[in-house]
Every structure is written in C-alpha cells, then in structure tokens.
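Chemist: Below is the structure I would like to discuss, written out as structure tokens.
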Amino acid sequence: MKVFYDISVLGLGQYNPLARTGVARVVENVAYGLAYASECDLVFCESLSFQILKACLEYLNSNLKLKKIPFSHSSFATIFYSKLIELNAMLALTSKVPTKDIAQLENNNLVNDLKHHLEIATEIIENYPYSLNPLFLGESDIFHATFYPIPERIRQVKNITKFLTVYDLIPILYPHFFKGEYESRRNTNTINSLSSEDWAICISEATKNDLCNYSKQIDPSRVFVAHLAADSNMFYPCHNSKKISEVRKTYKIPEGFYLLGLSTLEPRKNIDHIIRAFARVIQETNIKDLFLVLVGNQGWNYEKILEELSNQSLLRNRIILTGRVEDEDLAALYSGAIAFVYPSFYEGFGLPPLEAMQCGIPVITSNTSSLPEVMGDAGIMLDPKDIDGLCHSILEIYNSPSLRAAMSLQSLKQAKEFSWNKCTRETIAAYKTALSLNR
Numbered sequence: 003m004k005v006f007y008d009i010s011v012l013g014l015g016q017y018n019p020l021a022r023t024g025v026a027r028v029v030e031n032v033a034y035g036l037a038y039a040s041e042c043d044l045v046f047c048e049s050l051s052f053q054i055l056k057a058c059l060e061y062l063n064s065n066l067k068l069k070k071i072p073f074s075h076s077s078f079a080t081i082f083y084s085k086l087i088e089l090n091a092m093l094a095l096t097s098k099v100p101t102k103d104i105a106q107l108e109n110n111n112l113v114n115d116l117k118h119h120l121e122i123a124t125e126i127i128e129n130y131p132y133s134l135n136p137l138f139l140g141e142s143d144i145f146h147a148t149f150y151p152i153p154e155r156i157r158q159v160k161n162i163t164k165f166l167t168v169y170d171l172i173p174i175l176y177p178h179f180f181k182g183e184y185e186s187r188r189n190t191n192t193i194n195s196l197s198s199e200d201w202a203i204c205i206s207e208a209t210k211n212d213l214c215n216y217s218k219q220i221d222p223s224r225v226f227v228a229h230l231a232a233d234s235n236m237f238y239p240c241h242n243s244k245k246i247s248e249v250r251k252t253y254k255i256p257e258g259f260y261l262l263g264l265s266t267l268e269p270r271k272n273i274d275h276i277i278r279a280f281a282r283v284i285q286e287t288n289i290k291d292l293f294l295v296l297v298g299n300q301g302w303n304y305e306k307i308l309e310e311l312s313n314q315s316l317l318r319n320r321i322i323l324t325g326r327v328e329d330e331d332l333a334a335l336y337s338g339a340i341a342f343v344y345p346s347f348y349e350g351f352g353l354p355p356l357e358a359m360q361c362g363i364p365v366i367t368s369n370t371s372s373l374p375e376v377m378g379d380a381g382i383m384l385d386p387k388d389i390d391g392l393c394h395s396i397l398e399i400y401n402s403p404s405l406r407a408a409m410s411l412q413s414l415k416q417a418k419e420f421s422w423n424k425c426t427r428e429t430i431a432a433y434k435t436a437l438s439l440n441r
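Our numbering puts the first residue of the sequence shown at 3, with every later residue one more than the last.
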C-alpha cells in the first residue's frame, strides 16, 4: 500500500530547533518503522508552506535512514515561487533609485500594479501546498496527517483513505492549563478536520475515549490505538557510576539521594505539588541527604512554581532546577535517582514515566487519564492532589532499598510492553483494516 506521510513537524523542527517537540520524535520514529516495513510504499509530504518544504528536504538530506524515501512536491510551483522571489528582488531595487526619479516611479501605474499583484501572488504561493503533488495523490492509498489538520486539498481526493494522529484533547477539555486561546483553537481545528468517513490513530485508550466522547460524528470502530514508546538508545539503565557522577557534577546535584521530576515547568504538570510534598517530607523528618531535581524548560505560568520555591526558601539549596538537559545525559540522570515523581493532572500518553521505567527506576505518578495504561502494575499511582499519599510514597521509597529494588524490576518489566516496532505494527494494522473496509 502506498502511504502519503506528513512530516511537516520534522521540517518545522529543522527550520526552528526550539519547535522540535515530543511530537516530532513520535513522527520520526513511526517514519523509521514505516520506511522499513515491507507492506508500505512510503512517500513523505508536508502541508504547511514553501519554507517548511525546504526545511523538510534539509532534514531528509541529513537523515541517512530516511533520505532515500521519496518526497512529494510540485516542481512547477517550486520554480514559480523562485521566480516570484527574483521579481520581488528586482522591485526592491526601486528603493535604490536616485531621489530625483522616485516621484516618477511612484506615479508609474505599471510599477505599482506589478507590486500589488506580486504581493498577492507571493502570499498565495507561500501558502500553496507544494508537497501535495497530484501525481502522487492519485496513486496513494493512505494519507496520514501526523499532527496538523487533514488538508482541504486532500479532502478533494476521494480515493484516498485519510488518517489523523490524535495526541490528546487537553486544550479543548481543560483550556485553563494553557495561555490564551491559541492551543484550544489549534486543537479544535485539528480534531474538527476529521469527518465521519475518516480514520484516527490515538496514542492511548484514554485519548481514544476523549475523542469519541467529544466528536460524536466519529464511529469508535474507526478510531485505533497505537501506543508510543521510549527510545531504547536514549533511555536505558545506566550502570556507569563514572557517567552518573559526571552528570551530577554537570547539573550541580549534591552527593546523596535525589528524586527526579522531568517535564516542561507549567501548571498541568503539577510541579508546585511536588515542591510542597518534598518540603513537607524534609521538614517533618529532618532528612539531610535527600534532594529534588527538576528538569525542564520554563513553561506558561512558571511564576506559580517560582512562588512555591520562594515559600520554601529554607530548602532552596535542596531543590535543583537544571533547565534543559542534553539527550545524552538523560539515561544517567534517570538512573541516578531513587524515584521519578510525575503527578501530572492529565496526559495524552505520558512518555516521561515510561522513560523512567525503561531506565529501571521506581515511578510515582497520577492515576488519571492515560497514565494507568502506561504504568500497568508497576509504580505507585495517586490522585494528583493527594499530598499525604505523595509524602508517604516518597518516604517509603527513601527508607526501603528492598522496595526500590522490587519497583525497579517492575519498571523494567512494564517498559518492555512498549516499543516503536509495536507502534509501527499497530499503525500498519490500522491502515490495513481501513483499506479493507473502504474497498
């Protein structure tokens, strides 16, 4: 089967490295799986703009695993756009005309009309879906929108089976976790691009339930689940004590035990709850050798976390904020912790707890949304507002090496339930089911 696979998010990440998010890793890893699957004849595309198209090509040229996969684009439109750039550059030269001739140029209706029409043409062509080449579209069985809405141009091609990956509906269901209305509108536009004739792949059963409850026009039988995975080359038990020591030194983590939290520092991740629980444990027990390490970039409403830190000023030297951590340091950072704490209010999947389990450490997380799917029988799951339970769990793990060892084995066992190979197989199975029913 011929699969048209949208890699716009990979191009966006190439164009602006700060835009390379967890979604980009998902799209990339599924692309690897589909590229090597015998059932799939894969073609890449993008659905945003000419700039992102160019960035997609740059990304593919730098990726040895994917550079040989065909990339669909309209050569005519690309040439047309390059000519527009040349014409705009020529018109820009009018700004360098001697002053005495400017009035004459400004009164030249031909030049003014040309400027006006070029502005319109440039705006149109910059938003033209270059990558959606009609020749490829006509031959394809599947179009897979991996993050952005299913494009209108794809809607017009009746013989293509259309898929959308749905990561979560959190901005729609819980807009108070986001700044302004942008995320809610973006999420709504994406979900609303699904028609009753389309198919969806969700990253968890919880997200599938949210989608089916929100989009009543979608038949649940047309919604599949393909669970995500943690990169085995990045997340693994690190037994190299020298590496762990070097990482601790790099991120200024003192000698002793530490709890680890890793996420964007924002309200939905419930970071202030971790800080309050940690502070209470230290104040009530007077433990001297336990630290809290919080990894992640500052997110929206970070001030709430700063406020909680200021409330615990006496413990400020016991709480370490590392900022962003290099990928190559993550396994050692996870492996050096006595537990990973992740009391998030709501998740579409919950990769950090899986990453922690794959590194073989105990996990304390929430019992909400998709997190029980990820955790299985491993770890400790609590109501995200249960501070008594969180304090008790932290103390229990700190005081019991045997419990830590048992939970470590549980973590490693549960992590084996997830792999990118399994995610790819589930994706291909969804394609096959849809094609068999559409014929």
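Beta carbons: idealized from backbone N, C-alpha and C, even for Gly.
#1: If I follow the unbroken alpha helix (DSSP H) through F280, where does it start and stop?
#2: Could you tell me which residues DSSP puts in a beta bridge with L294?
#3: Report the start-end ranges of each alpha helix (DSSP H) in the segment 175-250 that is 4 residues or longer and not cut off at the edges.
#4: If you run the structure through DSSP and keep just helix, strand and coil, what is K164?
#5: Near H275, what residues of its chain come up, given a Cβ to Cβ distance below 6 Å and the 5 sequence neighbours on each side ignored?
#6: Please say whether G338 and L296 have beta carbons closer to each other than 8 Å?
#7: Inspect the beta-carbon positions of G15 and L353 and report whether they are closer than 8 Å.
#8: Could you tell me which residues DSSP pairs with I4 in its beta bridges?
#9: What's the gap between the Cα of F78 and the Cα of S371?
#10: Less than 8 Å between C-beta atoms, sequence neighbours within five positions excluded: which residues of the same chain meet that for L384?
#11: Might you give, ordered along the chain, the residues of its own chain that have their beta carbon closer than 6 Å to the beta carbon of L294, omitting 5 neighbours on each side?
#12: Out of curiosity, what's the CA-to-CA distance linking L323 and L316?
#13: How would you call E199, buried or exposed, if buried means at least 16 neighbouring beta carbons within 10 angstroms?
#14: When you compare the CB positions of L196 and L166, do they come within less than 8 Å of one another, or not?
#15: At which residues does the beta strand (DSSP E) containing I144 begin and terminate?
#16: Given a cut-off of 8 Å on the beta-carbon distance, is the pair S74 and S49 in contact?
#17: Could you tell me which residues DSSP pairs with T367 in its beta bridges?
#18: Apart from the five residues on each side of it in sequence, which residues of its chain come closer than 8 Å, Cβ to Cβ, to C58?
#19: Buried or exposed: which applies to H229, given that a residue is buried once 16 or more other Cβ atoms fall within 10 Å of its Cβ?
#20: Going by C-alpha distance, which of V227, H241, P269 and L292 is nearest G258?
#21: In three-state DSSP terms, what is F351?
#22: Take I193 as the anchor and find which of V159, I152 and I246 has the nearest alpha-carbon.
#23: Run the CB neighbour count on G298, radius 10 Å, all protein chains shown included, and call it buried at 16 or more, exposed below.
#24: To the nearest angstrom, how far is the alpha carbon of I389 from that of Q412?
#25: Give the C-beta separation of Y238 and C361 to the nearest angstrom, bearing in mind that I take them to be a contact with Cβ-Cβ under 8 Å.
Modeler: Put simply:
#1: Along the sequence shown, read from residue 1 onward, the residue named residue 280 stands at position 278. Unbroken alpha helix (DSSP H) run through F280: I273 to T287.
#2: In the sequence shown, counting from the first residue as 1, residue 294 sits at position 292. L294 pairs with L261 and I321.
#3: 184-194 and 207-216
#4: Mapped onto the sequence shown, residue 164 falls at position 162. Strand, per DSSP.
#5: As a working note, residue 275 is residue 273 in the sequence shown. Around H275: P345.
#6: The sequence position of residue 296 within the sequence shown is 294, counting from 1. The sequence position of residue 338 within the sequence shown is 336, counting from 1. Against a cut-off of 8 Å, the Cβ pair of G338 and L296 comes out as no contact.
#7: As a first step, residue 15 must be located in the sequence shown, where it is residue number 13. As a first step, residue 353 must be located in the sequence shown, where it is residue number 351. No, these two residues do not count as a Cβ contact at 8 Å.
#8: As a first step, residue 4 is located in the sequence shown; it is residue number 2 there, counting from the start. The residue asked about is misnamed: residue 4 is Lys in this sequence, not Ile. Answer is D43.
#9: Within the sequence shown, residue 78 is the residue found at index 76, counting from 1. Within the sequence shown, residue 371 is the residue found at index 369, counting from 1. Confidence at F78 is low in this model, with a pLDDT of 48, below 50, so the placement of that residue should be treated as unreliable; the coordinate-derived value is given next. Taking the straight line from one Cα to the other gives about 47 Å.
#10: Position 382 of the sequence shown, counted from the first residue, corresponds to residue 384. So the list reads P345, I366, T367, S368, N369, G391, L392 and S395, once near-sequence residues are dropped.
#11: Mapped onto the sequence shown, residue 294 falls at position 292. Taken in chain order, the residues that qualify are L261, F280 and I321.
#12: Indexing the sequence shown from 1 puts residue 323 at position 321. Indexing the sequence shown from 1 puts residue 316 at position 314. Cα to Cα, L323 sits roughly 16 Å from L316.
#13: Start at 1 with the first residue of the sequence shown, and residue 199 comes out as number 197. E199 should be labelled exposed.
#14: Position 194 of the sequence shown, counted from the first residue, corresponds to residue 196. Position 164 of the sequence shown, counted from the first residue, corresponds to residue 166. Taking 8 Å as the Cβ cut-off, L196 and L166 qualify as a contacting pair.
#15: Walking along the sequence shown from the start, residue 144 turns up at place 142. It spans I144 to A147 - the beta strand (DSSP E) in which I144 sits, taken as one unbroken run.
#16: Here residue 74 refers to the residue found at position 72 of the sequence shown. Here residue 49 refers to the residue found at position 47 of the sequence shown. Cβ distance not < 8 Å, so S74 and S49 don't count as in contact.
#17: Residue numbering aside, residue 367 sits at position 365 when the sequence shown is read from its first letter. In the DSSP output, where bridge partners are listed per residue, T367 has Y344 and M383.
#18: Counting from one through the sequence shown, the residue named residue 58 turns up at place 56. Counting only Cβ-Cβ distances below 8 Å, and skipping sequence neighbours, we find I9, S10, L12, G13, Q16, F46, E48, F73 and S133.
#19: The sequence position of residue 229 within the sequence shown is 227, counting from 1. When all chains shown are included, H229 counts as buried.
#20: In the sequence shown, counting from the first residue as 1, residue 258 sits at position 256. Per the Cα distances, L292.
#21: Counted from its first residue, the sequence shown places residue 351 at position 349. In this structure, F351 counts as coil in the three-state DSSP scheme.
#22: Within the sequence shown, numbered from 1, the residue matching residue 193 stands at position 191. Cα-wise, what sits closest to I193 is I152.
#23: As a working note, residue 298 is residue 296 in the sequence shown. Classification for G298: buried.
#24: Here residue 389 corresponds to residue number 387 of the sequence shown, with the count starting at 1. Here residue 412 corresponds to residue number 410 of the sequence shown, with the count starting at 1. Distance between the alpha carbons of I389 and Q412 is about 24 Å.
#25: The residue you call residue 238 lines up with position 236 of the sequence shown. The residue you call residue 361 lines up with position 359 of the sequence shown. Confirmed, Cβ separation roughly 6 Å.
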